DNA sequence: ACTCAAGGCCAA
DNA sequence: TTGGCCTTGAGT
C-alpha cells in the first residue's frame, strides 16, 4: 500500500478514541472498552449517571461515568449477544463473516482514499494533513451499522441494461462520458467522471473540527458532491450549448440539460456511498428509481441555500402557456412551490451537515416495494436519523424540536417532487426528453413499475 | 498449523 | 473496578 506520504490509517475506538486492539462484540474497539463491556454484561451491572446522561466519553474520562460509557458502547453498535452466557472460551462466534465483510469494506475505503489523494494531488490540493490529523476515520462510523451483507452483488441477474445500471455497475469499463456523447451528439462532452470524486475534504474540514459531530454526519458532509466541480461542468456544458450550431435553445432544453447533469451527480453520489455499495444492485436501482425526483428537488433547493446557485430556469416567471397535449403542471407552479420550501429552509437556517444527512434519509427508504434487503435499509435509516438527531441537539441545543422541523420539510418535499415528476413526464410524452437518457430511464421506471 | 475473538487473570 | 496481557478453541 502506498499513499505517497506516510499515512497511518490506524483505527480509533468508536467509544473512547483509544487504540483499537481488534474486533470485540461486533466492532473494532480498544482493549479496555472490550473488558468494560464484557464485565457489564456478564455481571448484569446497573449504573447510574450523576449528571444529565450526556457525559463525554474519551480516553481520559472513560472511567468517570460507566453509565454513559455503556450507553455509548450500545450506541456505536457493540452487541450484548456476543457476550457468551455459558462463558465458553475460544472458538468463533456468528459474527465471523461480518468481521470479514467489514475488513473488505475498510480495504475498499483505503483504496478510495488513495484514489481521492491522487486526484487532489494532481489538482494541487494537499490532502495529507487532514488524514494525518487522526481525528477522522471514514470507516469508524460504519461500525455503527451492523453489516449483514455477505454476498457480492451480481450483475447477471438483472434485465436489460439501463443507464442507472451502467452507473451502478462496478465494471472497470464503466464510463459516463459515453453516455453524454450519445445524448448530446456533437455537443458538449461533460467530464462528469470528476463528479465521482468525493468533494475536497480540505474545504470542508473547518466544518468538521467539532469532535462532538456524529461520525456519520461528518462522513456525509465530507462525501457530499463537490459544488465547484458541478458548477464547472455546468458552465462548460452551457457555454458549448450556447456557442454550438444551435444558437437558440428552448427553456426546457436548458432545464433538461441541467436536470440530466444533476441526476448523474446524484447517482454518482449514491454509488460512492459506502453504505449504498453494500446493497445488491437490484436494491440500489429500486431505491434510486423511487427517490430520484426528491433528491433532485432537494439538490436544487440545497444549491440555492448553500451556494446561492441560481437555476435560471426557476427564476423565470413567464413561460408561454402550452397548448400541447397532455397538459401538465407549469414551470411557474413548480417554481412557486419550490420557492415556498426554500423560504422555510431559510427560516430554519438549515446547514450543509443537515442537508447532507437528509439525502440519506430520502435514499434509504425501506418502504420501497420488493426490496431484497429492506431490513438493512431500515437499519441504515434509523442510524442516519439517530445521527441527525444527535447532531441537531448538539448544534442547536436551544431548538430541541429541530429534527421534527426538518422531517416536516421532508414530508413537504415529497409532493413537490411528485409535481416535478409529473411536469417532466408530460414533457416526456410530448417527445421532448431524449431517449436513453438517465431522465428517460427514471421516468420509465416510475411509470412502468407495478 | 495458524488465526483471532472469545473469556480469564491479576497488578495497579 | 480497570485494563493489559494470557489462554482457549472453532474455523480456516
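Residue numbers (full-length UniProt numbering): 1 to 450. Glycine included, each C-beta is placed from N, C-alpha and C at the ideal position. As the structure is a computational prediction, the values presented were derived from the model and not from experiment.
The ligand SAH heavy atom lying under 6 Å from the CB of residue 422: In the structure shown, the ligand SAH is absent, as is every other ligand, since no ligand is present at all.
Proximity of residue 294 and residue 347 at Cβ, strictly below 7 Å: No. Outside cutoff.
Given 8 Å, three or more beta-carbon pairs between the segment 262–277 and the segment 425–435: no
Start-to-end residues for the beta strand (DSSP E) that takes in residue 22: 22–24
Of the listed residues 95, 66, 373, nearest to residue 51 (C-alpha basis): 66
Cβ neighbour criterion (16 or more within 10 Å) applied to residue 46: Under this definition residue 46 is an exposed residue.
Under the three-state DSSP convention, the category residue 27 falls into: strand
Per-residue burial, residue 451 [other beta carbons within 10 Å of its own, 16 or more giving buried]: Here the chain comprises residues numbered 1 to 450, so residue 451 is not present and cannot be evaluated.
Inter-residue spacing [alpha-carbon to alpha-carbon] between residue 69 and residue 15: Between residue 69 and residue 15, the alpha-carbon positions lie close to 7 Å from each other.
Beta-carbon spacing of residue 392, residue 407 below 7 Å: no
Cβ shell of residue 345 (< 7 Å), same chain only, five flanking positions each side left out: 301, 305, 409
Which of helix, strand or coil DSSP assigns to residue 52: coil
N- and C-terminal bounds of the alpha helix (DSSP H) containing residue 357: For residue 357, the enclosing alpha helix (DSSP H) stretches over residues 352–363.
Boundaries (first-last residue) of the alpha helix (DSSP H) holding residue 218: 215–222
Residue 349, DSSP secondary structure in three states: coil
Residue 141 to residue 215 span [Cα, whole Å]: With a pLDDT of 34 at residue 141, under the threshold of 50, the modelled position of this residue cannot be trusted, and the question is left open.
Short Cβ contact (7 Å threshold) for residue 25 with residue 82: The Cβ-Cβ distance between residue 25 and residue 82 falls below 7 Å.
Delimiting residues of the alpha helix (DSSP H) encompassing residue 384: 374–395
Rounded distance between the beta-carbons of residue 260 and residue 438, thought under 8 Å: 6 Å
Contact between the segment 412–421 and the segment 372–379 (3+ Cβ pairs under 8 Å): No contact exists between the segment 412–421 and the segment 372–379.
Residue 45 - DSSP class collapsed to helix/strand/coil: coil
Beta-carbon proximity check, residue 77 vs residue 27, cutoff 7 Å: yes
Collapsed DSSP secondary structure at residue 253 in the structure displayed: helix
One or two residues paired with residue 19 in a DSSP bridge: 12
Selected residue, minimal CA-CA separation from residue 336, among 291, 416, 444, 63: 416
Assigned secondary structure, residue 339 (DSSP; H/G/I helix, E/B strand, else coil): The DSSP-derived three-state label of residue 339 is helix.
Secondary structure of residue 283, DSSP reduced to three states: helix
Proximal residues to residue 412 (C-beta, below 7 Å), its chain only, five neighbours per side dropped: 341
Buried/exposed call for residue 330, threshold 16 Cβ in 10 Å: exposed
Which listed residue (38, 358, 296) has its alpha carbon closest to that of residue 334: 296
DSSP-derived helix/strand/coil call for residue 420: helix
With 16 other Cβ atoms within 10 Å as the buried cut-off, status of residue 94: Of the residues assessed, residue 94 falls on the exposed side of the cut-off, its CB having fewer than 16 other CB atoms within 10 angstroms.
Closest Cα partner of residue 218 within the set 284, 61, 356: 356
Whole-angstrom distance between residue 86 and residue 289, CA atom to CA atom: 48 Å
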